[in-house]
Amino acid sequence: MNSKWGVLAEYDWSVMSPEFTILGVATLLSLIDLLMGKKADRRILAWIGLAGVILAGYFVIRNTGHNVVSIMNDMYRLDGFANAFKLIFLGGVACVLLISISYIDEARNVPYSGEYYYLLLSALLGAMIMASSADLITLFVGLELLSLSSYILVGTRKHHIQSNESAFKYVVSGGIAAAIILYGMSFIYGITGSTNLYTIAERLPNAFYGGFDLLIYLAFFLMIVGLAFKISAVPFHMWAPDVYQGAPTPITAFLSVVSKAAGFAIILRMFIVIFINIVEVDAKLGMQQPIIAGKLALYISIIAAASMIIGNTLALRQVNVKRMMAYSGIAQAGYLLVPLASLTGLLLDQTVFYLIAYLLANMGAFAVIMIVNRDQQTEDVKGFAGLYHRAPWLSISMTFFLLSLAGIPLSAGFFGKFYIFMSAVGLMKYWLAGIMMATSVISYYYYFGIVRQMYMRPGSTESPLRVPAPIAVVVLLTFIGTVVIGVMPDPVIQYIHTNFPFQQIFESGSKL
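Spelled out as structure tokens, the structure:
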């Protein structure tokens, strides 16, 4: 017994200090919630949660710029890839907590607001586990912790019929996706005899050339199908519009940014590491390249193209702004799949840059959407009519967020799309780059539909719009971030490249 504890004591558990912080704060919130009276004001829980998120962010930043460290036989890793995604998750949840303070205070149909906050931190913990996991088991545990918490959060408004319907659809679809992912993982384990990603990467080439190639392809397809659901990529996107519309607006923002980014973290970690060592000769290039950049990339490219086309096309017809943002998110998933379809393992800087730009624009947009929806008591796009005359700074901020999401030149989103576009062109994915450009132009129509309402349509009233301070902070910070990244993208890319060395994803960690 003592020897077992001795082995655990040998590990450098500071690797998991951000996760332990979030776990501890979530546990603390649950205990405080139990001790508080039924009618007590639970907004204090949000502030405690926010403090925990900031502290966890400090630990992540403190761990950046170091060599790869792993614990538990390389089951859990601390590398540049994990740190970058954890900061994205923490930034997204910090914004959601600030937005939620006003939402929970005014939405009396959320009966158990205490649970709302520590379930949100539980979902965050699952996402952070996914970012650092180097083992199929811990990856799946993190995925399910994120998923189960998200299911409950979507159905938080238990007396709201639409919310209940959304939660049911999300649970059923998510359960099927999880089963498919687990089935694919079981094939990988059966072929290689290991659940560690780096051991699998060493053994998989021999298995591939030893007659298990079809089974490996099947495992890949099963996992990409299940994970495509998690990022709401076509054709596994049907749940997204209903869930986004029925969920509380802060949770919609969480799903659109944090949950989607977590899905990409697990996709990139698994597929880059596992399939990068299986090579084939490309007849066109006359050189060896990873099979995922050859045959498998074609299928990823098809999913990416379909997501961009269908997401942007269906968004044109939407009058509900949250459904519109859902279809926009489907299209954004397509854009983010382009680097994976062009995979060399060297495009992670661009992917993370685009995720940061997407986080800032999307979180800011949802903060404004929540203010307008609360004031107008409608989620219709027409609710934005005359916003410029009631809150000029809010409408200007929303305009910048929409310009960034659309990819208009000199916006943060433009440079994110531009880097991805050029990488696709550089790897001769001309048709995919063409679809990316064409669908970006299509998106201008529905994004500018909101802009038109704000500036060119009269509103039902011209009285000044009241903006709660926590939401104003989110709008202001995301606006500043969007503008700064749009004006100075190169320093941001350089900072990412210097402090988050993504080549560490290929390195075996120092096992502590």
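Residue numbers (the UniProt record's numbering): 1 to 512.
Just so you know, even glycine gets a beta-carbon here, dropped at the ideal spot from N, CA and C.
Since the structure is predicted, the reported quantities are computational estimates derived from the model, not experimental observations.
Kindly list the residues whose CB is nearer than 6 Å to the CB of P501, restricted to its own chain and excluding five residues on each side of it in sequence; keep chain order.
Residue mapping note: residue 501 aligns to position 501 of the sequence shown, counting from 1. Here the set comprises G80.
Mapping DSSP to helix, strand and coil, what is D135?
As a first step, residue 135 is located in the sequence shown; it is residue number 135 there, counting from the start. Here D135 sits in strand by DSSP.
Measure from the alpha carbon of Y209 to the alpha carbon of each residue in T192, N196 and V225, then state which is nearest.
Walking along the sequence shown from the start, residue 209 turns up at place 209. Checked all of T192, N196 and V225; the closest Cα to Y209 is T192.
Y446 lies in the alpha helix (DSSP H); which residues open and close that run?
In the sequence shown, residue 446 corresponds to position 446, counting from 1. Taken as a continuous stretch (DSSP letters only), the alpha helix (DSSP H) holding Y446 covers Y430 to M456.
Would you mind working out which of I176, Y446, I450 and L121 sits nearest A152, comparing C-alpha positions?
Taking the first residue of the sequence shown as 1, we reach residue 152 at position 152. What sits at residue 152 in the sequence shown is Ile, not Ala. Per the Cα distances, L121.
Taking only three categories from DSSP, how would you classify K511?
Start at 1 with the first residue of the sequence shown, and residue 511 comes out as number 511. Its pLDDT being 48, under 50, K511 is placed unreliably by the model, and nothing is read from it.
Across the region 152-167 and the region 212-228, are there enough close Cβ pairs to call them in contact, namely three or more that are closer than 8 Å?
Short answer: they don't touch.
Quick check on this structure: which residue in A247, V15 and Y117 has the alpha carbon closest to the alpha carbon of G49?
Walking along the sequence shown from the start, residue 49 turns up at place 49. Of A247, V15 and Y117, the residue nearest in Cα terms is Y117.
Using the Cα positions of F366 and I231, report the straight-line distance between them to the nearest angstrom.
Within the sequence shown, the letter at position 366 stands for residue 366. Within the sequence shown, the letter at position 231 stands for residue 231. About 18 Å.
Consult DSSP for S194 and reduce its assignment to one of helix, strand or coil.
Here the question's residue 194 lines up with position 194 in the sequence shown. S194: coil per DSSP, three-state reduction.
Quick one: give me the first and last residue of the alpha helix (DSSP H) that I356 is part of.
The count along the sequence shown starts at 1 and reaches residue 356 at position 356. Looking at the DSSP string, the run of the alpha helix (DSSP H) that includes I356 is L348 to Q376.
Just how far apart, CA to CA, sit S510 and V60?
Mapped onto the sequence shown, residue 510 falls at position 510. Mapped onto the sequence shown, residue 60 falls at position 60. In this prediction, S510 has a pLDDT of 49, which is less than 50 and means its spatial position is unreliable; what the coordinates show is noted afterwards. Straight-line Cα distance between these residues: approximately 18 Å.
Reducing DSSP to helix, strand and coil, say where N320 ends up.
Walking along the sequence shown from the start, residue 320 turns up at place 320. Reduced to three states, the DSSP call for N320 is strand.
Which same chain residues, not among the five before or five after L222, have their C-beta less than 8 Å away from its C-beta?
Here residue 222 corresponds to residue number 222 of the sequence shown, with the count starting at 1. The residues are I180, I181, Y183, G184 and F187.
Rounded to whole angstroms, what's the CA-CA distance from G434 to M308? Just pull it up for me.
In the sequence shown, residue 434 corresponds to position 434, counting from 1. In the sequence shown, residue 308 corresponds to position 308, counting from 1. The straight-line gap from Cα to Cα measures roughly 11 Å.
May I have the straight-line CA-CA distance separating P409 from M398, to the nearest angstrom?
Taking the first residue of the sequence shown as 1, we reach residue 409 at position 409. Taking the first residue of the sequence shown as 1, we reach residue 398 at position 398. One C-alpha to the other measures close to 16 Å.
When you compare only the Cα positions, how much space is there between A412 and G190?
Position 412 of the sequence shown holds residue 412. Position 190 of the sequence shown holds residue 190. If I take the Cα positions, the gap works out to 44 Å.
Count the other CB atoms within 10 Å of the CB of M1; is the residue buried (16 or more) or exposed (fewer)?
Counted from its first residue, the sequence shown places residue 1 at position 1. With a pLDDT of 47 at M1, under the threshold of 50, the predicted position of this residue should be treated as unreliable, and no value is reported.
Comparing alpha-carbon positions, which option in V69, G65 and Y58 lies nearest C90?
Position 90 of the sequence shown, counted from the first residue, corresponds to residue 90. Sequence inspection shows Leu at residue 90; the Cys mentioned does not correspond to that position. That would be Y58, whose Cα lies nearest to the Cα of L90.
I'd like to check one pair, L87 with V15: are the Cβ atoms closer than 9 Å?
Counting from one through the sequence shown, the residue named residue 15 turns up at place 15. Counting from one through the sequence shown, the residue named residue 87 turns up at place 87. Their beta carbons are not under 9 Å apart, which means V15 does not touch L87 by this criterion.
On a Cα-Cα basis, can you pick out the residue from I104, Y446, A233 and L197 that is closest to A331?
The count along the sequence shown starts at 1 and reaches residue 331 at position 331. Comparing Cα positions, the closest option is A233.
Checking 9 Å against the spacing of the C-beta atoms, do F384 and I302 come in under that value?
The count along the sequence shown starts at 1 and reaches residue 384 at position 384. The count along the sequence shown starts at 1 and reaches residue 302 at position 302. Taking 9 Å as the Cβ cut-off, F384 and I302 do not qualify as a contacting pair.
Taking DSSP's pairing of strands, which residues face D490 in a bridge?
For the purposes of this step, residue 490 is taken as the residue at position 490 of the sequence shown. In the DSSP output, where bridge partners are listed per residue, D490 has none listed.
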